[in-house]
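K.L.:
Count along the sequence shown starting at 1, add 40, and that's the number in the numbering used here.
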Amino acid sequence: PLNRESMSYQIISSGVPVLRNYTHDEHQQQQSSPTIGVSKLPPSVMFAPLAIGSQTVGVLSVQSYEFNAYTPNDLDLLVGIANHMTVALENARLFTQTQDALSETQKRTEELALVNRIVTQLGASLDIQEAMKLVAQGLVEGVGVHQSRIALLDDNREKLTIVGECFDEVKNQSALGLQIPVIGNDL
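1) For the segment 154-167 against the segment 133-140, are there 3 or more C-beta pairs whose distance is under 8 angstroms?
2) Considering Cα atoms alone, identify which of 178, 154, 122 is closest to residue 186.
3) Assuming residue 12 is part of the beta strand (DSSP E), what are its boundary residues?
4) Between residue 201 and residue 217, how many whole angstroms is the CB-CB distance? I'm expecting something under 8 angstroms.
5) DSSP state of residue 81, grouped into three classes?
6) Quick check on this structure: which residue in 127, 65, 214 has the alpha carbon closest to the alpha carbon of residue 190?
7) Where do the ends of the beta strand (DSSP E) carrying residue 60 lie?
8) On the three-pair Cβ rule with 8 angstroms, is the segment 62-69 touching the segment 87-103?
9) Tell me where the alpha helix (DSSP H) around residue 205 begins and ends.
10) Does residue 223 come out as helix, strand or coil in the three-state DSSP assignment?
11) With a cut-off of 8 angstroms on the beta carbons, I'd call residue 119 and residue 88 a contact; round off their distance for me.
12) So what does residue 96 bridge to, in DSSP terms?
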């Protein structure tokens, strides 16, 4: 968390830009204060909030080791730069968000097209074995897997029987009709 006494905290809390040209005496007092990562504090500083809408998301700061280095015009310029930066940051965030949403939409569209294609093929087939084969093929093609098998549970709920499959016949052999016990099976 930011130190409540820090300039950054004050800018983030208030959303108001700050121009500070310290006098020689103020600068000497400041040098005795603990700092993080700075061996010598600058006598001239400007801070501008990075705000998106009414929310401050960061701070833009410039410093000079010269006394009275900045004027109100310099602060206006820094605020203008900060405003342009936040517009660019927000545009980049929105672009990324839009790209992610578009990618997700395209993925969902492809999934729905796969489901639609499988359902259409199922509706055209009256043969259960052919229908299961079409579903297995659709899964291999649509999901991008190497093989797919469909097993149905028997009436006693003790065995699964492979009723549809799609696989690489060079690498594997058919499991069509294979009965797999439900109990004691690791799959």
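Just so you know, even glycine gets a beta-carbon here, dropped at the ideal spot from N, CA and C.
P.N.:
The short version:
1) Too few Cβ pairs lie closer than 8 angstroms, so no.
2) In the sequence shown, the residue the question calls residue 186 occupies position 146. Taking only the C-alpha atoms, the option nearest residue 186 is 178.
3) A question about residue 12 goes unanswered here, because the residues of the chain that appear run from 41 up to 227.
4) The residue given as residue 201 occupies position 161 in the sequence shown. The residue given as residue 217 occupies position 177 in the sequence shown. Yes, they are in contact, since the Cβ atoms of residue 201 and residue 217 sit about 7 angstroms apart, within 8 angstroms.
5) Against the sequence shown, residue 81 aligns to sequence position 41. In the displayed model, residue 81 falls within coil according to three-state DSSP, outside both helix and strand.
6) On the sequence shown, position 150 is the one that residue 190 refers to. Closest option to residue 190, judged by alpha-carbon separation, among 127, 65, 214: 214.
7) Mapped onto the sequence shown, residue 60 falls at position 20. Here the beta strand (DSSP E) through residue 60 covers 58-61.
8) The segment 62-69 vs the segment 87-103: no contact.
9) For the purposes of this step, residue 205 is taken as residue 165 along the sequence shown, with counting starting at 1. It is not in any alpha helix (DSSP H) - residue 205 instead sits in the beta strand (DSSP E) that spans 199-206.
10) Residue 223 sits at position 183 when you count from the first residue of the sequence shown. In the three-state reduction of the DSSP assignment, residue 223 falls in the coil class, being assigned neither a helical nor a strand state.
11) Sequence index remark: in the sequence shown, residue 119 carries index 79 (1-based). Sequence index remark: in the sequence shown, residue 88 carries index 48 (1-based). Going by Cβ atoms, the distance from residue 119 to residue 88 rounds to 5 angstroms, so yes, they are a contact pair.
12) As a working note, residue 96 is residue 56 in the sequence shown. Beta-bridge pairing links residue 96 to 91.
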